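Accompanying notes for the structure given below.
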Amino acid sequence: MKNKVSFDVFRFDPQVDKEPRFQRYDIEYLPGMTVLEALFHIQGTVDPSLCFRSSCRAGVCGSCAMHIGGRYRLACETQASIALERVVAIRPLAHLAIIRDLVVDMEPFWRHYKRISPYLVPSERPPELERPQTPSQRDELDPMVDCILCASCHASCPMTASDGAYIGPAALMKANRFVVDSRDGNTAQRLHVVGDDHGVFRCHTVFNCSRACPKDLDPAGSIANLKRMAVRELVFKANRK
Amino acid sequence: MIVQDVLVVGAGLAGLRAAIAVNQKNVRVAVLSKVHPIRSHSVAAQGGINAALGNNPRGAFDSVDLHAFDTVKGSDYLADQPAVMKLAKMAPGVIYEMEHWGCPFSRSVEGRIAQRPFGGAGFPRTCYAADKTGHMLLHTLYEQAVRYEQASEREDFKFYDEWMVMRLVVEDGVCRGVIAMHLATGRLEAFLAEAVIFATGGAGRVYLPSTNAVINSGYGMAVPYWAGVPLKDMEFVQFHPTTLLGTGILITEGCRGEGGFLTNAAGERFLSNYGDSSKAMEVAPRDIVARNMQREINQGRGVKNEYIDLDLRHLGARKIMERLPGIRDLAMNFAGVDPIEAPIPVRPGQHYTMGGIDTDVDGATEVKGFFAAGEGACVSVHGANRLGGNSLLETLVFGKVAGESAADYVLTSGVKRAGASALEEALREVEAELKELTDGTSEEKAATIQVELGRVMHEKVGIFRTESALMEGWREVKRLQTRFRKVKVGYGGRVFNQALLQVLEVKGSLDVAEAIVAGAYARKESRGSHFREDYPTRVDADFLHHTISRHQGKENPKLSYRSVDLGLWEPKERKY
Chain A
0 MKNKVSFDVF
10 RFDPQVDKEP
20 RFQRYDIEYL
30 PGMTVLEALF
40 HIQGTVDPSL
50 CFRSSCRAGV
60 CGSCAMHIGG
70 RYRLACETQA
80 SIALERVVAI
90 RPLAHLAIIR
100 DLVVDMEPFW
110 RHYKRISPYL
120 VPSERPPELE
130 RPQTPSQRDE
140 LDPMVDCILC
150 ASCHASCPMT
160 ASDGAYIGPA
170 ALMKANRFVV
180 DSRDGNTAQR
190 LHVVGDDHGV
200 FRCHTVFNCS
210 RACPKDLDPA
220 GSIANLKRMA
230 VRELVFKANR
240 K
Chain B
0 MIVQDVLVVG
10 AGLAGLRAAI
20 AVNQKNVRVA
30 VLSKVHPIRS
40 HSVAAQGGIN
50 AALGNNPRGA
60 FDSVDLHAFD
70 TVKGSDYLAD
80 QPAVMKLAKM
90 APGVIYEMEH
100 WGCPFSRSVE
110 GRIAQRPFGG
120 AGFPRTCYAA
130 DKTGHMLLHT
140 LYEQAVRYEQ
150 ASEREDFKFY
160 DEWMVMRLVV
170 EDGVCRGVIA
180 MHLATGRLEA
190 FLAEAVIFAT
200 GGAGRVYLPS
210 TNAVINSGYG
220 MAVPYWAGVP
230 LKDMEFVQFH
240 PTTLLGTGIL
250 ITEGCRGEGG
260 FLTNAAGERF
270 LSNYGDSSKA
280 MEVAPRDIVA
290 RNMQREINQG
300 RGVKNEYIDL
310 DLRHLGARKI
320 MERLPGIRDL
330 AMNFAGVDPI
340 EAPIPVRPGQ
350 HYTMGGIDTD
360 VDGATEVKGF
370 FAAGEGACVS
380 VHGANRLGGN
390 SLLETLVFGK
400 VAGESAADYV
410 LTSGVKRAGA
420 SALEEALREV
430 EAELKELTDG
440 TSEEKAATIQ
450 VELGRVMHEK
460 VGIFRTESAL
470 MEGWREVKRL
480 QTRFRKVKVG
490 YGGRVFNQAL
500 LQVLEVKGSL
510 DVAEAIVAGA
520 YARKESRGSH
530 FREDYPTRVD
540 ADFLHHTISR
550 HQGKENPKLS
560 YRSVDLGLWE
570 PKERKY
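Okay, here's the thing in structure tokens:
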């Protein structure tokens, strides 16, 4: 092989294997090849038993978040050339049960997402046309609405490992997205949900989430905002009878 | 056996909107999708969604009629005009509804939903959310679906995430339900449903390159096709003018709507040299721009003899960061280019399937109880060429329409719960078929056939078609179908057997490709995106009709024709 890239891919079939292992694949490198393309090549022509999630291959659907060469990234946005000079390990998202190989059970992630009422709850009935929102009000939503729910933040957060009920950075950022939206009228209720023992106060400000985000978003910032507002709501409003 | 009232297969914009519509009529609904709903390809749509809202100052004289007319003209007069009128009429409503549901549209200075110009539109009527409109719409719609799920008692709104449909079961012209596989366990289940709606998206990956996700194999069109449901207008494949060199990733038309230029190796805005794009230039409709770009490249004037430059530098950093941040990321990540500093290398590539499952204006097919909506359906509202911004619109409008039709069907014809034995028999057949595919090994690989099919379609059934190329394409597809019969999965595991799914999807792609080539070969004219070098003019006298394609097993598909619903506008020469 003229130029080759080498990957140690995490393999585990809980129905068959006693424990996980890494399987080495050496494949021919073509310029511009992404890690996802390498996985397609392996799965399609070398080893049909491999499985992983993917769809858009353009970094927008969030399916292919994996731990690649020491960091969480989207396989489709990662150049395979990182594996030219050295063997790169590919692991699935952490803190979620393995279904098989690189496919993890996303159920807890979706449960946390659904728990925070991830939909607009306006305080009045809608007008005939659009609810007005100024461009700067819309700008406030910007970092948060771009989240593709890839779960890299969730996987990188040590608190999701120790507390399965921790809402987690992605769902908390989604909660903040609605708290900040000028059209939402449900802030108090939202803060009560995220302000419990398994919500924002479980966050220990480790910042892995913001570092891991492949879209350069800032879940830690959202959680900080929610903490501030939750204290005001839960402590001070609760004291005011 | 799992029993449902309405089963929606496909959980992108059309599927979710349909499911919500069903539930709003207080009918039980389940949504089944091979990927988690938020991964559906709707999420990748960039540029925007059309409606005659009149929010842009230049859109003050826009109207539903003008939107409809632009769409009909854009379709090269093949679209069914009453269906187009319905699309344009319902547009403002579905968009305001999405906004009320929280969709974070970009806003004008006045605080209203912002609208930008797009190809083939007489007024700026494309509502957008930066250049991530599909993402914002899908996330908002999924959020609402979750709201309906949480509001339901007795599981009236249920999700089956990561289940793949195996077969559509039709008995005596009536839909009985589907057979589907639970991907996490490999378990097969029969779903007995009064009504089934397919919203499974387009068939882009029949071509390579394509802007589409890997999940858009056309399998969702093939499954009903195999069950006897006809496909319509399959030869009309849209080639988007600006796909990234190499990966084929979409670079939105919005770039041109915001004022971007297309230049050749000499730095010329070459569209001025072609009669059909000299007036509208970069915002001429897609089929026209794509052809002229391809002509430049074919005639040796492409940059590095390979591509065209999409130049956004003159827009300035602020406008790019505000309106086109997503494509900036794409250009940097996948082409190593920052559009603030340098032009983006682009070329035309497969993008959208105008054709699909044959439905009427209510989303119904000829099979009772079987409906379809979204890119996977063909009503037809896009005819021979789709305008940008009308696909996102179609998903919401006809998702809603199909959902309401399916709910009405269940409410009026009653819940019969018939077809259990047909479903059981189908389940056994699917089990046998899967066993056969996973038994043994073969040199022939589905992945290899898929890549070859993509290349054949791109080369022989692409932007410029000729009789001889189409004939070669046909023979190649036939050869690939024969090779496919030897394919084995090579892995017999039950859990997330990705290799098995790929084999099934390639089977679907092959039969969909066959329908495309057959339709293209038979249509001896040029119309919209279907351009015949040997028949370069539009011939309404002979070809103002839809192509209906019926699967005939190993025999060639049977083609028939249905006239276009006119009524509002007489077909005229299509000039911009």
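Those protein sequence lines, which keep their order, are chains A and B.
With numbering that gives the first Met the number 0, the residue at position 109 of the first sequence is 108, and numbering never jumps.
With numbering that gives the first Met the number 0, the residue at position 69 of the second sequence is 68, and numbering never jumps.
By construction, the Cβ of each residue, glycine as well, lies at the ideal position given by its N, Cα and C atoms.
Here the structure is a predicted model, which means the values were calculated and not measured.
message: In chain order, what are the residue ranges of uninterrupted alpha helix (DSSP H) at least 4 long that sit wholly in the stretch 88-151 of chain B?
response: For the stretch 88-151 of chain B, whole alpha helix (DSSP H) runs of length 4 or above, ordered along the chain, are 132-150.
query: chain B partners of valine 102 of chain A, CB-CB under 7 angstroms?
result: Within the first sequence, residue 102 of chain A is the residue found at index 103, counting from 1. Residues of chain B passing the Cβ test: Phe495.
- request: Count the C-beta pairs between the stretch 263-279 of chain B and the stretch 99-112 of chain B that are closer than 8 angstroms, then say yes if the count reaches three, no if not.
  value: No contact exists between the stretch 263-279 of chain B and the stretch 99-112 of chain B.
message: I need the DSSP call for arginine 268 of chain B, collapsed to helix, strand or coil.
response: Numbered from 1 along the second sequence, position 269 holds the residue referred to as residue 268 of chain B. It is coil, neither helix nor strand.
query: Does glutamate 98 of chain B get closer than 8 angstroms to chain A when you measure Cβ to Cβ?
result: The sequence position of residue 98 of chain B within the second sequence is 99, counting from 1. Closer than 8 angstroms: yes.
field: Same chain, Cβ closer than 7 angstroms to proline 91 of chain B, five either side skipped, listed in chain order
entry: The residue you call residue 91 of chain B lines up with position 92 of the second sequence. Within the same chain, proline 91 of chain B has close Cβ partners Ala50, Ala51 and Leu52.
query: Counting only beta-carbon atoms, is proline 239 of chain B nearer than 8 angstroms to chain A?
result: Taking the second sequence and counting its residues from 1, one reaches residue 239 of chain B at position 240. Here the sequence assigns histidine to residue 239 of chain B, which means proline is not the residue at that position. Interface flag for histidine 239 of chain B against chain A is unset, since no Cβ pair is found closer than 8 angstroms.
task: Sort B:Gly566, B:Glu572, B:Glu569 and B:Arg549 by Cα distance to tryptophan 225 of chain B and report the nearest one.
output: Here residue 225 of chain B corresponds to residue number 226 of the second sequence, with the count starting at 1. Closest by alpha carbon: B:Arg549.
message: 8 angstroms is my cut-off, CB to CB: does valine 144 of chain A come that close to chain B?
response: Along the first sequence, one-based indexing puts residue 144 of chain A at 145. Chain B contact via Cβ: present.
message: In the DSSP assignment, the alpha helix (DSSP H) including lysine 557 of chain B goes from what residue to what residue?
response: Your numbering for residue 557 of chain B matches position 558 in the second sequence. Lysine 557 of chain B -> not in any alpha helix (DSSP H); beta strand (DSSP E) instead, spanning 554-562.
message: For the stretch 439-457 of chain B against the stretch 228-235 of chain B, do three or more pairs of beta-carbon atoms, one drawn from each stretch, fall closer than 8 angstroms, so that the two count as touching?
response: Counting Cβ pairs under 8 angstroms, fewer than three are found: no touch.
task: In angstroms with no decimal places, state the Cα-to-Cα distance between valine 460 of chain B and isoleucine 250 of chain B.
output: If you number the second sequence from 1, residue 460 of chain B lands on position 461. If you number the second sequence from 1, residue 250 of chain B lands on position 251. C-alpha separation (whole angstroms): 23 angstroms.
- request: Would you kindly check if the distance between the Cβ of isoleucine 319 of chain B and the Cβ of proline 342 of chain B is under 8 angstroms?
  value: Residue 342 of chain B sits at position 343 when you count from the first residue of the second sequence. Residue 319 of chain B sits at position 320 when you count from the first residue of the second sequence. Taking 8 angstroms as the cut-off, the beta carbon of proline 342 of chain B is found no closer than this to the beta carbon of isoleucine 319 of chain B.
message: Is there a C-beta anywhere in chain B that falls below 8 angstroms from the one on tyrosine 118 of chain A?
response: As a first step, residue 118 of chain A is located in the first sequence; it is residue number 119 there, counting from the start. Chain B, which has a Cβ nearer than 8 angstroms to the Cβ of tyrosine 118 of chain A, makes this yes.
field: Paired residues, beta bridge with aspartate 344 of chain B - DSSP
entry: Here residue 344 of chain B is taken as the residue at index 345 of the second sequence, counted from 1. Position check: residue 344 of chain B holds proline in this sequence, whereas aspartate was assumed. Beta-bridge pairing links proline 344 of chain B to B:Asp308.
- prompt: Which residue from B:Gly387, B:Val409 and B:Gly247 puts its Cα closest to that of glycine 47 of chain B?
  reply: Taking the first residue of the second sequence as 1, we reach residue 47 of chain B at position 48. When each option's Cα is compared against that of glycine 47 of chain B, the closest is B:Gly387.
task: Could you list the residues in the stretch 200-233 of chain B with a C-beta less than 8 angstroms from some C-beta on chain A, going in chain order?
output: Of all residues in the stretch 200-233 of chain B, Ala212, Val213 and Ile214 have a Cβ within less than 8 angstroms of some Cβ in chain A.
field: Nearest candidate by alpha-carbon position, reference valine 288 of chain B, set B:Arg522, B:Val511, B:Gly119 and B:Pro36
entry: Numbered from 1 along the second sequence, position 289 holds the residue referred to as residue 288 of chain B. Out of B:Arg522, B:Val511, B:Gly119 and B:Pro36, B:Gly119 has the C-alpha closest to the C-alpha of valine 288 of chain B.
Under 8 angstroms from the C-beta of arginine 99 of chain A: neighbouring residues of chain B: Position 100 of the first sequence holds residue 99 of chain A. Ordered by position in chain B, the residues that pass the 8 angstroms Cβ test against arginine 99 of chain A are Gly492, Val494 and Phe495.
message: Would leucine 261 of chain B and leucine 309 of chain B qualify as a contact pair, given that the criterion is a beta-carbon distance under 8 angstroms?
response: Stepping through the second sequence from its first residue, residue 261 of chain B is reached at position 262. Stepping through the second sequence from its first residue, residue 309 of chain B is reached at position 310. It is a contact, given that the beta carbons lie within the stated cut-off.
message: Does cysteine 254 of chain B come out as helix, strand or coil in the three-state DSSP assignment?
response: Translated into positions along the second sequence, residue 254 of chain B becomes position 255. Three-state DSSP puts cysteine 254 of chain B in a helix.
query: Considering threonine 440 of chain B, what are the terminal residues of the alpha helix (DSSP H) in which it resides?
result: By one-based count along the second sequence, residue 440 of chain B stands at place 441. For threonine 440 of chain B, no alpha helix (DSSP H) run applies, since DSSP gives it neither H nor E.
Three-way DSSP call (helix, strand, coil) for tryptophan 162 of chain B in this model: Along the second sequence, read from residue 1 onward, the residue named residue 162 of chain B stands at position 163. It is a strand residue.
query: Do you know how far the Cα of leucine 65 of chain B is from the Cα of aspartate 138 of chain A?
result: Against the first sequence, residue 138 of chain A aligns to sequence position 139. Against the second sequence, residue 65 of chain B aligns to sequence position 66. If you take the alpha carbons of aspartate 138 of chain A and leucine 65 of chain B, they lie about 32 angstroms apart.
- prompt: Terminal residues of the continuous alpha helix (DSSP H) containing proline 218 of chain A?
  reply: Numbered from 1 along the first sequence, position 219 holds the residue referred to as residue 218 of chain A. From DSSP, the alpha helix (DSSP H) with proline 218 of chain A extends over 218-229.
message: Using a Cβ-Cβ cutoff of 8 angstroms, what residues of the stretch 316-349 of chain B are near chain A? List them in chain order.
response: Within the stretch 316-349 of chain B, the residues whose Cβ lies closer than 8 angstroms to some Cβ of chain A are Gly325, Asp328, Leu329, Asn332 and Phe333, listed in chain order.
- prompt: Is the CB of serine 105 of chain B under 8 angstroms away from at least one CB in chain A?
  reply: Residue mapping note: residue 105 of chain B aligns to position 106 of the second sequence, counting from 1. Chain A contact via Cβ: present.
field: Length of the line joining the Cα atoms of valine 28 of chain B and aspartate 155 of chain B
entry: Residue 28 of chain B sits at position 29 when you count from the first residue of the second sequence. Residue 155 of chain B sits at position 156 when you count from the first residue of the second sequence. CA-CA distance, valine 28 of chain B to aspartate 155 of chain B, rounds to 6 angstroms.
- prompt: Using the beta-carbon of each residue, which ones in chain B are nearer than 8 angstroms to methionine 105 of chain A?
  reply: Here residue 105 of chain A refers to the residue found at position 106 of the first sequence. Listed by position along chain B, the residues whose Cβ is nearer than 8 angstroms to that of methionine 105 of chain A are His35.
- request: Using a Cβ cut-off of 9 angstroms, pull out every chain A residue sitting near lysine 131 of chain B, in sequence order please.
  value: As a working note, residue 131 of chain B is residue 132 in the second sequence. Those within 9 angstroms of lysine 131 of chain B in chain A are Val59, Val144 and Asp145.
task: Tell me whether arginine 573 of chain B is buried or exposed, calling it buried when 16 or more other Cβ atoms sit within 10 Å of its Cβ.
output: Numbered from its first residue, the second sequence carries residue 573 of chain B at position 574. Arginine 573 of chain B counts as buried, since at least 16 other C-beta atoms from the protein chains shown sit within 10 angstroms of its C-beta.
- prompt: For chain B, is any of its Cβ atoms less than 8 angstroms away from the one on lysine 240 of chain A?
  reply: Within the first sequence, residue 240 of chain A is the residue found at index 241, counting from 1. In this predicted model, lysine 240 of chain A has a pLDDT of only 45, less than 50, meaning its place in the structure is not dependable; the value taken from the coordinates is given anyway. The beta carbon of lysine 240 of chain A does not come within 8 angstroms of any beta carbon belonging to chain B, so the residue lies off that interface.
query: What is the DSSP secondary structure of glutamate 193 of chain B, counted as helix, strand or coil?
result: Reading the second sequence from its first residue, position 194 is the one you call residue 193 of chain B. If DSSP states are grouped into helix, strand and coil, glutamate 193 of chain B belongs with the strands.
task: Determine the burial state of glycine 266 of chain B: buried for a count of at least 16 other Cβ atoms within 10 Å of its Cβ, exposed for fewer.
output: For the purposes of this step, residue 266 of chain B is taken as residue 267 along the second sequence, with counting starting at 1. Flag for glycine 266 of chain B reads exposed.
query: By a C-beta neighbour count over all protein chains shown, 10 Å radius and 16 as the cutoff for buried, is isoleucine 222 of chain A buried or exposed?
result: Start at 1 with the first residue of the first sequence, and residue 222 of chain A comes out as number 223. Here isoleucine 222 of chain A is buried: its Cβ has 16 or more other Cβ atoms, across all protein chains shown, within 10 Å.
task: Could you name the residues that DSSP lists as bridge partners for threonine 262 of chain B?
output: Stepping through the second sequence from its first residue, residue 262 of chain B is reached at position 263. Bridge partners of threonine 262 of chain B: B:Asp308.
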